[in-house]
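Respectively, the protein sequence lines represent chains A and B. For what it's worth, this note's numbering labels the leading residue of the first sequence as 1, then goes sequentially. For what it's worth, this note's numbering labels the leading residue of the second sequence as 318, then goes sequentially. A virtual CB, placed ideally from N, CA and C, is assigned to each residue, including glycine. Predicted, not measured: the structure shown is a model, and the values here were computed from it. Heads up, the thing below is written out as structure tokens.
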Amino acid sequence: MNKILIVAEHDGHNLNAAIAKCVSCARAIESAHVTIAVFAADPTAVAAQAANIAGVDTVVTVAHAANAHALAATLAPQVAELAGGYSHVFGPSTTFGKDLMPRVAALLGAPQLSDVMAVESATRFRRPIYAGNAIVTVEVAAGTQLVATVRVASFEAAKAAAAAAPISAATLKAELPTHTRFVSISAARSDRPDLQTATRVISGGRAFGSAENFQLLYALADKMGAAVGASRAAVDAGYAASDMQVGQTGKIVAPELYMAFGISGAIQHLTGIKDARTIVAINKDAEAPIFEVADYGLVGDLFQIVPELERLIAAGK
Amino acid sequence: MKRILVAIKRVVDYNVRVRVKPDGTGVITDGVKMSINPFDEIALEEALRIKEKGLAEEVVAVSIGPADCQQQLRTALAMGADRAIHVQTDAVIEPLSAARIFKSLIDREQPLLAILGKQAIDDDCNQTGQMLAALWGRPQATFASKVEVGATSATVTREVDAGLETIEIDLPAVITTDLRLNEPRYVKLPDIMKAKKKPLDTLDPAALGVTPAEQLRALKFEPPAQRSKGVMVKDAQELVAALRSKGLV
Ligand SMILES: Cc1cc2nc3c(=O)[nH]c(=O)nc-3n(C[C@H](O)[C@H](O)[C@H](O)COP(=O)(O)OP(=O)(O)OC[C@H]3O[C@@H](n4cnc5c(N)ncnc54)[C@H](O)[C@@H]3O)c2cc1C
Ligand SMILES: Nc1ncnc2c1ncn2[C@@H]1O[C@H](COP(=O)(O)O)[C@@H](O)[C@H]1O
């Protein structure tokens, strides 16, 4: 049997949607026994959500005041202690998982695979390297405990369970450090869908020229029920917030529809959108590399096209 | 001495369109331009700025890998690093081995900070800094977009999925850099000349007590699945009609 421990990402109230995708990845391993671990100040609500994912065998909770905020330095020794006896320890390939899992791996002395995109067996996986320009198949020796982050764009979310999995509470001995302290988080509150789970994403690039112009995109997004993303150039220039960056070093998205406005299509951007079902590119340069991956391309000025799309889409509703 | 250790990885330049070898044994690196990993350039720039503010006295650049890594270390010295350490090896260095090597150097150098890139753009692992912090038993502030160093602690703003998170960490600590932390300086010609005289020590991993383990065996490399080329539409109306027919808007 392969015993797989998945570390839950949550905000204290809601389980992150990435976890149901980690469950699908874990289930792709033969004879898997899947446990979700919830570390929180009060894990009750999140644990109940975790128990309701199909394919989850058990949920373990660790309640501790120090777990009110997800700090890798505080969580890692707890995850490492709990991980004894598990063959695989998984986390999502979000900033939460990227921060935490390598710290866990080092405490366990285990190797880590980042961004697992496919499971071939319990010891053999595929992952992207070089900004997605190559896919490597990697094998670990049987019996080696493995830590991994799951590339969420590569897996469908597991469905809701018919019956909830059992939940048990664990008490750990790990000594928790005080050298790392949470101060604050400034999250741009928005009613728009989340980039990583939205079915439609529309992104803007350097071409917008200012944060004010970028508002054009929000107006269209609201008509479409879409999330808004940005290229690195647009974020660097201050037109969009850093959490909107799509690409190799930003967020990987996998919507039904991805529309790129005034984005040239650098490889670092493309690697973040390859899993989109349909890609649309709007660019005034007919030679822009983004057109090589677009299902629909439109050559033109975005300052004309964005308002026109907004009008056409609103009219059709 | 208040010292900052900076990691400098030699990688295929970010402008190169990397291709897989036809036999699937790796990617083509012969005759390809190599550079300092972009995140490591940002790491070095941050270390230099901290030193220029009088908050550190020495910046040491470290690279692990084959003999050619010295090119990138010379560039780091030209940017302003005071000295360099080259841990020379032709072995495959997985993040955990790299972290063990850095930990061993930390035991020798006793730095205030170790600054690494958040991710190497070749293996895209995003692991080494966090592993180093674990082995060292010290704080980690990953994906940093702002760093303020105080006497015994630092305040770091981090780029996370939800927005910007601020944490406080006691020193010494590990920081990994994100793209928005700073814009690295350009190297000037006279500095390249001066860099030739700066100390560059070479060690091998065994001297640091580390035997690089190969726990992850790469079996084969493949190009990614290609998307088939789509169609061009002539205007917004045609685009909306096409998307509507697929139920996308
Ligand atoms: C280490 C590293 C990591 C990176 N990570 C990422 C990442 O995660 N995500 C990312 O996006 N980038 C990333 N980049 C940056 C990437 O290489 C590109 O520089 C960036 O994606 C370019 O952004 P852009 O397409 O908005 O700008 P540009 O390349 O400047 O393109 C602007 C486009 O807009 C078009 N245009 C101009 N005016 C109009 C108009 N009026 N109407 C329509 N079209 C117009 C132009 O024809 C052009 O194609 C990274 C780079 C490095 C070195
Ligand atoms: N061989 C190496 N030489 C120098 N620095 C390295 C090496 N490997 C990893 N690093 C550092 O660790 C960071 C993250 O690398 P990785 O975990 O491989 O994505 C890099 O940006 C470097 O700062």
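#1: When the cut-off is 7 Å and only beta carbons count, does R391(B) lie next to chain A?
#2: What in chain A is Cβ-close to Q457(B), meaning under 7 Å?
#3: Considering Cα atoms alone, identify which of T483(B), I418(B), V464(B), D440(B) is closest to W453(B).
#4: Could you check where the beta strand (DSSP E) with F291(A) kicks off and where it finishes?
#5: Going by the C-beta, is S264(A) closer than 6 Å to any heavy atom of ligand 1?
#6: According to DSSP, simplified to helix, strand and coil, what is A269(A)?
#7: Any Cβ of chain E within less than 7 Å of the Cβ of M396(B)?
#8: If you follow the beta strand (DSSP E) that L520(B) is in, where does it begin and where does it stop?
#9: Residues of the stretch 281-303 of chain A with a CB closer than 9 Å to any CB of chain B: list them in chain order, please.
#10: Can you check DSSP and say which residues form a bridge with G343(B)?
#11: Less than 6 Å between the CB of S121(A) and some heavy atom of ligand 1, yes or no?
#12: When you compare the stretch 461-475 of chain B with the stretch 483-493 of chain B, are there three or more beta-carbon pairs, one atom per stretch, that lie closer than 8 Å?
#13: May I ask whether a heavy atom of ligand 2 can be found less than 6 Å away from the beta carbon of N213(A)?
#14: Should G320(A) be flagged as near chain B, meaning a C-beta pair shorter than 7 Å?
#15: Kindly list the residues whose CB is nearer than 6 Å to the CB of M510(B), restricted to its own chain and excluding five residues on each side of it in sequence; keep chain order.
#16: Please classify R334(B) as buried or exposed, where buried requires at least 16 neighbouring CB atoms within 10 angstroms.
#17: Can you list the residues of chain B that F182(A) reaches, using a CB-CB cut of under 9 Å?
#18: Tell me whether S231(A), by its Cβ, gets closer than 6 Å to a heavy atom of ligand 1.
#19: Note the first and the last residue of the continuous alpha helix (DSSP H) segment covering N332(B).
#20: Tell me which residues of the stretch 497-509 of chain B have at least one Cβ-Cβ distance to chain A shorter than 7 Å, keeping chain order.
#21: What does a CB cutoff of less than 7 Å around A165(A) pick up in its chain, not counting 5 residues either side in sequence?
#22: For the beta strand (DSSP E) holding M259(A), just list the boundary residues, first then last.
#23: Under the DSSP definition of a beta bridge, which residues are partnered with Y218(A)?
#24: Looking at C-alpha atoms only, which residue of V344(B), E465(B), T483(B) is the closest neighbour of A373(B)?
#25: Tell me which same chain residues have a C-beta within less than 6 Å of the C-beta of I252(A), skipping the five on either side of it?
#26: Measure from the alpha carbon of L71(A) to the alpha carbon of each residue in K505(B), S462(B), A451(B), then state which is nearest.
#27: With which residues is I381(B) paired in a DSSP beta bridge?
#28: Roughly how many whole angstroms lie between the Cα atoms of G526(B) and A276(A)?
#29: Got a sec: does ligand 1 put a non-hydrogen atom nearer than 6 Å to the Cβ of R327(B)?
#30: When we look at the beta-carbon of S352(B) and count the other beta-carbons within 10 Å, is it buried (16 or more) or exposed?
#31: Going by the C-beta, is N283(A) closer than 6 Å to any heavy atom of ligand 1?
#32: Mind checking the stretch 28-46 of chain A against chain B and listing, in chain order, the residues whose C-beta falls within less than 9 Å of any C-beta there?
#33: How close, in whole Å, do the beta carbons of N133(A) and P541(B) come, if the pair is a contact with beta carbons under 8 Å?
#34: For V409(B), count neighbouring C-beta atoms within 10 Å of its own C-beta (all shown protein chains included) and say buried if the count is 16 or more, exposed if not.
#35: Are A106(A) and M448(B) touching if we call contact CB-CB under 7 Å?
#36: Output needed for I129(A): all residues of its chain with C-beta closer than 8 Å, excluding positions within five of it in sequence on either side, in chain order.
With the given structure in hand:
#1: Looking up residue 391(B) in the second sequence gives position 74. No, R391(B) lies away from the interface with chain A (no Cβ there is under 7 Å from its Cβ).
#2: The sequence position of residue 457(B) within the second sequence is 140, counting from 1. Those are A72, A73, R103, listed as they occur along chain A.
#3: Indexing the second sequence from 1 puts residue 453(B) at position 136. Here the closest residue by C-alpha is I418(B).
#4: What you label residue 291(A) is simply residue 291 of the first sequence in a count that begins at 1. Premise fails: F291(A) is in no beta strand (DSSP E) and is neither H nor E.
#5: In the first sequence, counting from the first residue as 1, residue 264(A) sits at position 264. Yes; taking the cut-off as 6 Å, the Cβ of S264(A) has a heavy atom of ligand 1 nearer than that.
#6: Counted from its first residue, the first sequence places residue 269(A) at position 269. Sequence check: residue 269(A) is His here, not Ala. H269(A) carries a helical assignment under DSSP once its states are collapsed to helix, strand and coil.
#7: You won't find chain E in this structure, because its protein chains are A and B.
#8: What you label residue 520(B) is simply residue 203 of the second sequence in a count that begins at 1. For L520(B), the enclosing beta strand (DSSP E) begins and ends at 517-520.
#9: Under the 9 Å Cβ criterion, the stretch 281-303 of chain A contributes A281, I282, A286, F291, E292, V293, A294, D295, Y296, G297, L298, V299, G300.
#10: Counting from 1 along the second sequence, the entry for residue 343(B) is found at position 26. When DSSP reads this structure, G343(B) sits in no beta bridge, so it has no partner.
#11: To locate residue 121(A), count along the first sequence from 1; it is residue 121. It does not: the Cβ of S121(A) is nowhere closer than 6 Å to a heavy atom of ligand 1.
#12: Contact between the stretch 461-475 of chain B and the stretch 483-493 of chain B is established, with three or more Cβ pairs separated by less than 8 Å.
#13: Position 213 of the first sequence holds residue 213(A). The nearest non-hydrogen atom of ligand 2 is 6 Å or more from the C-beta of N213(A).
#14: Summary: the structure shown does not reach residue 320(A), with chain A confined to residues 1 through 317, and so no result is reported for it.
#15: Taking the second sequence and counting its residues from 1, the one referred to as residue 510(B) is at position 193. Taken in chain order, the list of residues that qualify is empty.
#16: For the purposes of this step, residue 334(B) is identified with residue 17 of the second sequence, where counting begins at 1. Answer is exposed; the Cβ neighbour count stays below 16.
#17: Start at 1 with the first residue of the first sequence, and residue 182(A) comes out as number 182. Per Cβ cutoff of 9 Å: E482, T483, I484, E485.
#18: Looking up residue 231(A) in the first sequence gives position 231. Between ligand 1 and S231(A), a heavy atom-to-CB distance of less than 6 Å is present.
#19: Residue numbering aside, residue 332(B) sits at position 15 when the second sequence is read from its first letter. Looking at the DSSP string, N332(B) is not in any alpha helix (DSSP H), and its letter there is neither H nor E.
#20: Against chain A - using a Cβ distance shorter than 7 Å - the residues of the stretch 497-509 of chain B are R497.
#21: As a first step, residue 165(A) is located in the first sequence; it is residue number 165 there, counting from the start. If we look at A165(A) and ignore the five residues flanking it on each side, its Cβ neighbours are A51, V56, D57, T58, V59.
#22: Taking the first sequence and counting its residues from 1, one reaches residue 259(A) at position 259. Segment 257-261, the beta strand (DSSP E) holding M259(A).
#23: Your numbering for residue 218(A) matches position 218 in the first sequence. Y218(A) pairs with nothing; no bridge assigned.
#24: The residue given as residue 373(B) occupies position 56 in the second sequence. Among V344(B), E465(B), T483(B), the Cα nearest to that of A373(B) is on E465(B).
#25: Within the first sequence, numbered from 1, the residue matching residue 252(A) stands at position 252. If we look at I252(A) and ignore the five residues flanking it on each side, its Cβ neighbours are A153, G272.
#26: For the purposes of this step, residue 71(A) is identified with residue 71 of the first sequence, where counting begins at 1. Measuring C-alpha to C-alpha distances from L71(A) to each of K505(B), S462(B), A451(B) identifies A451(B) as the nearest.
#27: For this step, residue 381(B) is matched to residue 64 along the second sequence. Beta-bridge pairing links I381(B) to V404(B).
#28: Numbered from 1 along the second sequence, position 209 holds the residue referred to as residue 526(B). Numbered from 1 along the first sequence, position 276 holds the residue referred to as residue 276(A). Counting only the Cα atoms, A276(A) lies some 46 Å from G526(B).
#29: Working through the second sequence from its first residue, we reach residue 327(B) at position 10. Result no, Cβ not under 6 Å from ligand 1.
#30: Locating residue 352(B) in the second sequence gives position 35, counting from the first residue. Result: buried.
#31: Looking up residue 283(A) in the first sequence gives position 283. Under cutoff, so the answer is yes.
#32: So the list is empty, because no residue satisfies the distance condition.
#33: For the purposes of this step, residue 133(A) is identified with residue 133 of the first sequence, where counting begins at 1. For the purposes of this step, residue 541(B) is identified with residue 224 of the second sequence, where counting begins at 1. Yes, they are in contact, since the Cβ atoms of N133(A) and P541(B) sit about 7 Å apart, within 8 Å.
#34: Taking the second sequence and counting its residues from 1, one reaches residue 409(B) at position 92. Exposed, by the Cβ-count rule.
#35: Numbered from its first residue, the first sequence carries residue 106(A) at position 106. Numbered from its first residue, the second sequence carries residue 448(B) at position 131. Yes, they are a contact pair.
#36: One-based indexing of the first sequence puts residue 129(A) at position 129. Non-local beta-carbon contacts of I129(A) in its own chain, meaning distances under 8 Å to residues more than five positions away in sequence, involve I135, V136 in chain order.
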